[in-house]
Amino acid sequence: MNSIPLIDLKKQYESIKDEVDQAIQQVLCGCRFIMGPEVKEFEEAMAKYLDVKYAVGVASGTDALEVGLLSLGIGDGDEVITTPFTFIATTEAIVSTGAKPVFVDIDEKTYCLDCNLIEAKITKQTKAIMPVHLYGHPADMDKITALAEKHNLKVIEDCAQSLGAAFSGKKVGTIGNAGCLSFFPGKNLGCYGDGGMVVTNDEQAAQMARMLRQHGSNKKYYHAVNGFNSRLDTLQAAVLKIKLKYLDKWNDLRRKNAALYADLINKSAKKGSIIPAQVEPSVVHSFNYYTIRLQDRDAAQQRLKAAGIGSMIYYPLCLHQQEVYKDLGYKPGDFPKAEKAQNEVLSLPMFAELSAEQINEVVKVLVQ
Ligand SMILES: Cc1ncc(COP(=O)(O)O)c(C=O)c1O
């Protein structure tokens, strides 16, 4: 059996090569590399896809989070409640605005914020909650929006891993005050470099996001606020506009692959030894990653590696234990469920083009 990568970007490119090559050629011939027409076209297509009023393309998912927070007035001295079990970009963005991340432990089934623990962390400084729909499983947005309403907080959704996922019939990114998307190549909708987007129904926030991404300006050489250079590349927008048409199909295939993984694991692993990815009944999962948990995780990862099968630990060290955040004053043991997850999770190969034969092979090696 050939090796099985964690993700196979080439297979996807080959399936849409003609369309993508043509779109890139069009940008090259048009030479409008910065804020060319494809950016607006893709923003409109994404707004339509998500059924949201405004979509503002930026240079990365990390920038989308920072711009999203700033656009909703989060900044110096504010506290933002989030999860310690995420990629560091979530908290980097919070810190870059001048705000402080305040961590809450996770739910051990969904790996998202445990909403029952949020209220105890709300202080006078708390201005926002930033749920992360980790691996593509939506956080409990009913509970989060109810808490936000009660305490007058903003909700900024980190949808970097969850484009196309839904909670109670609503697409993630459209439930809070703003949603932040990443188009990093390995995401559900990935471009060929970096890219991101802020989506919102809040007109004022959208206007601010547009200014912030373009040096704080909405009229050339007139600057109202201190901004960034964070525009979505025209070339990336052109690629993304093509790919967006296939997103639902690709996500359906990811879900089909996830169902096969779960079925095979349940049938062949010793009872309780491997826990497949869980899906709450109220959600549609986007399966950016297919993440299992198991006690002998490191040995299993070695076995997969020896068989030429890719896997990854998202994430091996919770954010409250990272050196960069030592001044926040957390200690090991503060978030036991997140810390347990960091020792037990393992993400397996997952992409739309993954075959049933490949999934069978992964599970066969896993349960040896
Ligand atoms: C949960 C999460 N948030 C934010 C980001 C940042 O996105 P980007 O890499 O596009 O800056 C990522 C991905 O890398 C992520 O996984």
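Residue numbers (the working numbering): 57 to 424.
Think of the CB as a built atom: it goes at the ideal place given N, C-alpha and C, for glycine as much as any other residue.
The model shown is predicted, which means the values in this text are computed figures rather than measured ones.
Do you know whose CA, among the options, lies nearest residue i's CA?
| i | options | result |
| --- | --- | --- |
| Asp354 | Ser367, Ser342, Phe343, Tyr346 | Ser367 |
| Val418 | Lys393, Ser324, Cys374 | Ser324 |
| Met91 | Gly232, Val335, Phe391, Asn274 | Asn274 |
| Asp304 | Asp196, Ser403, Ala221 | Ala221 |
| Pro187 | Gly229, Ile415, Lys156, Ala155 | Gly229 |
| Asp308 | Ala195, His341, Phe284 | His341 |
| Gly283 | Asp196, Gln270, Val211 | Gln270 |
| Leu410 | Leu384, Trp306, Ala362 | Trp306 |
| Met197 | Tyr302, Thr179, Cys168, Ile178 | Cys168 |
Quick one: using the 10 Å Cβ neighbour count with 16 as the cut-off for buried, is residue i buried or exposed?
| i | result |
| --- | --- |
| Leu422 | buried |
| Ser116 | buried |
| Lys243 | buried |
| Ser338 | exposed |
| Ser224 | exposed |
| Phe89 | exposed |
| Ser286 | buried |
| Leu84 | exposed |
Is the beta carbon of residue i less than 8 Å from the beta carbon of residue j?
| i | j | result |
| --- | --- | --- |
| Val254 | Val123 | yes |
| Glu175 | Leu209 | no |
| Gln351 | Pro372 | no |
| Leu288 | Val114 | yes |
| Ile144 | Val160 | no |
| Arg266 | Val108 | no |
| Ile321 | Ile298 | no |
| Thr153 | Gly131 | yes |
| Cys171 | Lys206 | no |
| Glu213 | Gly232 | yes |
| Gln334 | Thr139 | no |
| Ala294 | Gln82 | yes |
| Thr118 | Leu375 | no |
| Ala120 | Gly252 | yes |
| Leu126 | Leu316 | no |
| Gln217 | Asn313 | no |
| Glu148 | Thr182 | no |
| Thr256 | Tyr105 | no |
| Gln357 | Ile60 | no |
| Phe391 | Gln68 | no |
| Val211 | Ile185 | yes |
| Asp258 | Ala234 | yes |
From the beta carbon of residue i, is the nearest beta carbon of chain B less than 8 Å away?
| i | result |
| --- | --- |
| Ile365 | The displayed structure is made up of one protein chain only, and chain B is not part of it. |
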